[in-house]
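Per my numbering, the sequence shown runs over residues 326 to 927.
What follows is one structure encoded as structure tokens, with my remarks underneath.
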Amino acid sequence: MNKPKQDSTESTLGYRSFFPYFRFLKPYWLPFIGALLCGLIYGISSGFGLPFMVDQVFPRIFPDQAPGTPTLSNFELLYLIAWFPAVFLIRGTSGYFNGYLINYCGLRVLEKIRLQVFSKVQILPVSFFQKNQEGDLLSRITSDTAQLQSALLGISNDLVRQPVTFVGALVALVIMAIQREGMSFILLCLAVIPVCVFPIRRVGELLMRRALGMQEKVGSMTSVLSENLSAYREVRAFSLESREEQRFIQSSEEFLQARMKVVKYSHILTPLIEILTAVGISFAIFQASKSSVRLDAVVPVITALYIAYDPIKKLGAINNKIKEALASLQRLNEVLHAKEMIEPRESPLEMPVVINKIKFKSVCFTYEPEQGESIVSPALHQLDFEIKAGESVALVGPSGAGKSTLINMLCRFQDPTSGEILINGNDIREFAIKDLRESISLVSQNPFLFDISVQENIEIGKSKYTTHSIKEAAQASNSMEFIEEFPMKFGEKLGEKATRVSGGQLQRLALARAFYRNSPILILDEATSALDSDNEEKIQEAMKVLIKGKTTIMIAHRFSSVRLADRILVLDRGKIIANGKHDRIYETCQTYRKLYDQQLAT
Ligand code: ADP
């Protein structure tokens with residue numbers, strides 16, 4: 326499945342896109358103001374202080390450069406020389422605190438953005454994950470936020486102090502031009518500055534497009550990586566090592582190419598501006614030599630000019646960083662603004678404690694077409710059936726019949742395209758989604774155990790219906806015997822992806838979790854993987870205990886489980902083709918008979 330690709334050449338974001346995120350700065354206004362003040366001091370001390378010092382102090386230290394200046398005493402000399410470290414001390418200290426404080430604010434803002442994306446990902450509908458590759462999402466949350474972070478840091482270091490430095494140097498230049506005769510030409514040298522704006526703008530635009538392309542490639546590369554890491558068994562079992570290597574080489578190469586395009590533009594600006602400023606400075610030197618101005622008058626001017634050009638270079642680099650960050654922000658915004666299909670009710674109905682009836686009424690569901698697909702046939706078509714309180718129904722049907730889709734509807738992972746699902750006569754959309762889901766215990770086909778202890782993994786199931794202890798849940802699910810064998814018993818950590826338990830144990834722990842949850846509705850999506858007879862028997866026993874008194878829907882792959890159910894619904898191509906007890910539908914439904922006989926034969 327591919328995520329819908331954004332047109333990487335078109336980018337819609339401008340600087341304003343950053344504005345909404347400024348609200349995150351609110352709690353940090355004090356360090357932010359401090360940072361601004363430090364930036365101001367830094368800018369003034371470098372832009373104005375340095376050239377002014379060169380202008381005022383030099384001629385007094387070297388009196389022969391300025392005739393008529395009286396000879397200095399040692400004390401006076403020391404006092405004048407002390408100006409140098411003093412100005413650099415002010416510049417250095419304010420620069421440090423400016424950088425420190427603004428980084429602090431920037432990182433805090435970034436933390437909030439990352440959290441916002443993460444929180445949004447928690448509430449996005451299931452369809453979002455079906456459309457977007459896991460790796461691409463991972464890269465948005467990690468790489469794009471890191472890109473934003475690097476930009477924020479760059480911006481925060483320079484956005485305040487460089488403009489102030491520039492203005493300071495400009496003021497120094499203007500003062501000097503007015504004070505000194507024949508020096509008004511230096512103002513002409515400043516004409517280079519507006520010329521610099523054109524390459525800054527153009528390079529920024531080009532860079533943003535390239536950066537968007539690059540981040541997409543990071544996403545693809547992470548997808549290949551995450552797929553490979555999840556499928557480590559398949560890779561070995563089917564000897565896919567070299568195929569996987571090729572896939573990774575290709576995506577890595579594509580990333581490299583995209584990255585180089587970014588490098589091309591991000592590094593072109595500095596030399597370009599340096600060349601332009603060198604032209605400006607050469608012009609100043611040329612004019613100075615022609616008008617035979619003294620060296621001591623030229624040095625402060627050249628210093629001020631250099632200091633005035635430097636921020637232009639740095640601002641150009643910031644502009645590049647902002648553009649790169651905008652590309653990442655665009656990718657983050659795609660997640661932040663993704664539609665939450667499941668709209669929460671404003672005043673939901675209270676979830677009934679006792680479930681009397683679940684009713685599917687003309688339920689249809691069609692998946693959104695993938696890119697390039699025009700027509701998609703419905704996954705569920707006009708489903709009409711009822712399940713009574715305490716009844717257990719087995720869903721049987723060939724692969725692709727719509728069994729999982731039906732379950733998704735009941736859990737409201739997706740809403741029907743048309744029709745409704747009623748619990749005790751009320752559309753399930755009338756209930757708060759959290760309450761509805763709490764009333765369901767779902768045991769999925771591939772249960773997920775977190776990298777926490779056995780106890781905590783069962784405890785995750787806790788709901789308002791929970792009445793039994795964790796130990797009782799473990800006993801009921803036949804998990805006790807293997808938990809007892811763990812060195813840490815219930816405190817045993819299960820390892821990432823529960824690699825430390827067998828397939829059968831994993832399923833029993835999932836049943837323990839459902840047992841502990843004790844919700845009135847039970848959904849069992851039976852695992853397709855083969856189990857040894859001991860495990861199979863233990864799981865069957867556990868299921869028998871679990872479904873007692875619960876309104877149960879089970880996707881049954883093994884006919885031994887079908888026997889546990891009161892009734893069987895046979896689904897084929899999104900439609901119910903049979904509904905009843907085993908004996909009768911074995912006689913009347915050919916699809917069912919075929920499935921049953923096939924399994925008996927294996
Ligand atoms: P079952 O659980 O019985 O194997 P599913 O409910 O998974 O069947 O699938 C029913 C139909 O919907 C199939 O034709 C399948 O290809 C399609 N389908 C399932 N999931 C998606 C999806 N995320 N996007 C598009 N089509 C899907």
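Even for Gly, the Cβ is constructed at its ideal location relative to N, Cα and C.
Quick check on E506: buried or exposed, where buried means 16 or more other Cβ atoms within 10 Å of its Cβ? E506 is exposed by the Cβ-count criterion.
Tell me which residue opens and which closes the alpha helix (DSSP H) that S860 is part of. Sequence inspection shows Asn at residue 860; the Ser mentioned does not correspond to that position. Note, N860: alpha helix (DSSP H), S858 to I872.
Which residue wins for smallest C-alpha separation from S687, given the options G899, M676 and G874? Out of G899, M676 and G874, G899 has the C-alpha closest to the C-alpha of S687.
Just to confirm, does S724 get its C-beta within under 7 Å of one of the non-hydrogen atoms of the ligand MG? Among the ligands in the structure shown, the ligand MG does not appear; only the ligand ADP can be found there.
Buried or exposed, going by whether 16 or more other CB atoms sit within 10 Å of the CB of T467? It counts as exposed.
Whole angstroms is fine: what's the gap from N327's alpha carbon to L512's? Note on N327: pLDDT 41, under 50, position unreliable in the model; the coordinate value appears next. Roughly 57 Å separates the two Cα atoms.
Would you mind working out which of T792, K586, I758 and H882 sits nearest S769, comparing C-alpha positions? If we check each option's Cα against that of S769, H882 comes out closest.
Identify every run of the beta strand (DSSP E) within the stretch 826 to 855, keeping only runs that are complete inside it and at least 3 residues long; order them along the chain. Contiguous beta strand (DSSP E) elements confined to the stretch 826 to 855 occur at 846 to 850, taking only those with 3 or more residues.
Beta-ladder partner(s) of E745, from DSSP: BP columns for E745 point to K686.
Just list the residues that DSSP pairs L414 with in beta bridges. Answer is none; L414 lacks a bridge partner.
Report all residues from its chain with a CB closer than 6 Å to the CB of L849; omit the five preceding and five following residues, and keep chain order. Spatial neighbours of L849 in its own chain (CB-CB distance under 6 Å, excluding positions within 5 residues in sequence) are listed in chain order as V768 and M879.
May I have the straight-line CA-CA distance separating E781 from K818, to the nearest angstrom? For E781 and K818, the distance between alpha carbons rounds to 9 Å.
Own chain partners of K869 with C-beta closer than 8 Å, once the 5 adjacent residues on each side are dropped: The residues are L889.
Run the CB neighbour count on E693, radius 10 Å, all protein chains shown included, and call it buried at 16 or more, exposed below. Burial call: exposed.
D857 to Q458 span [Cα, whole Å]: If you take the alpha carbons of D857 and Q458, they lie about 34 Å apart.
Residues of its chain near N904, where Cβ-Cβ distance is below 6 Å and the 5 sequence neighbours each way are ignored: So the qualifying residues of the chain are L894.
Compute the beta-carbon to beta-carbon distance between T547 and D483, rounded to the nearest angstrom, for a pair I have assumed lies under 8 Å. With 8 Å as the limit, T547 and D483 do not qualify as a contact, their Cβ atoms being about 30 Å apart.
Unbroken stretches of the beta strand (DSSP E), 3 residues or longer, contained in the stretch 628 to 693: DSSP runs (the beta strand (DSSP E)) wholly in the stretch 628 to 693: 682 to 690.
Is it the case that the stretch 629 to 643 contacts the stretch 593 to 605, given that we only count it when at least three CB pairs across the two stretches are under 8 Å? Taking 8 Å as the limit for Cβ pairs, the verdict is that the stretch 629 to 643 does touch the stretch 593 to 605.
Going by the C-beta, is T916 closer than 7 Å to any heavy atom of the ligand ADP? It does not: the Cβ of T916 is nowhere closer than 7 Å to a heavy atom of the ligand ADP.
Which residues bound the alpha helix (DSSP H) around G374? In the DSSP annotation of this structure, G374 is not part of any alpha helix (DSSP H), being labelled neither H nor E.
Let me know the beta strand (DSSP E) ranges lying completely inside the stretch 865 to 921, each 3 residues or longer, listed in chain order. Taking only runs of at least 3 residues, the beta strand (DSSP E) segments lying wholly in the stretch 865 to 921 are 876 to 880, 892 to 897 and 900 to 905.
What's the call for L440, buried or exposed, on a 16-neighbour Cβ count within 10 Å? Of the residues assessed, L440 falls on the exposed side of the cut-off, its CB having fewer than 16 other CB atoms within 10 angstroms.
Check whether L403 and A650 have beta carbons under 8 Å apart: Cβ atoms of L403 and A650: not closer than 8 Å.
According to DSSP, is I427 part of a helix, a strand, or is it coil? Judged by DSSP in its simplified three-state form, I427 adopts helix.
With a 10 Å radius around its C-beta and 16 neighbouring C-beta atoms as the bar for buried, classify Q540 as buried or exposed. Looking at its Cβ environment, which holds 16 or more other Cβ atoms inside 10 Å, Q540 is buried.
Is it buried or exposed for M501, if we count other Cβ within 10 angstroms and need 16 for buried? Taking all protein chains in view, the Cβ of M501 is crowded by 16 or more other Cβ atoms within 10 Å, so the residue is classified as buried.
Are the CB atoms of Y367 and G420 within a distance shorter than 8 Å? Yes, the pair counts as a contact, with Cβ atoms nearer than the cut-off.
Any non-hydrogen atom of the ligand ADP closer than 7 Å to S699 Cβ: No, the ligand ADP has no heavy atom inside 7 Å of this Cβ.
Which ranges would you report for the alpha helix (DSSP H) in the stretch 427 to 457 if only whole runs of at least 4 residues count? Within the stretch 427 to 457, complete alpha helix (DSSP H) segments of at least 4 residues are found at 451 to 456, given in chain order.
Check each candidate in R838, T490, V624 and R572 and name the one with the smallest Cα separation from F775. Comparing Cα positions, the closest option is R838.
What three-state label does DSSP hand D332 in the structure shown? In this prediction, D332 has a pLDDT of 40, which is less than 50 and means its spatial position is unreliable; what the coordinates show is noted afterwards. Correct three-state label for D332: coil.
When DSSP labels each residue in this structure, what does E809 get in the three-state scheme? E809: helix per DSSP, three-state reduction.
Secondary structure of Q739, DSSP reduced to three states: Note: Q739 maps to coil in three-state DSSP.
In whole angstroms, what is the alpha-carbon distance linking G479 and R584? Approximately 19 Å between the Cα atoms of the pair.
Please confirm whether G493 and I369 have their CB atoms less than 8 Å apart. Yes, the pair counts as a contact, with Cβ atoms nearer than the cut-off.
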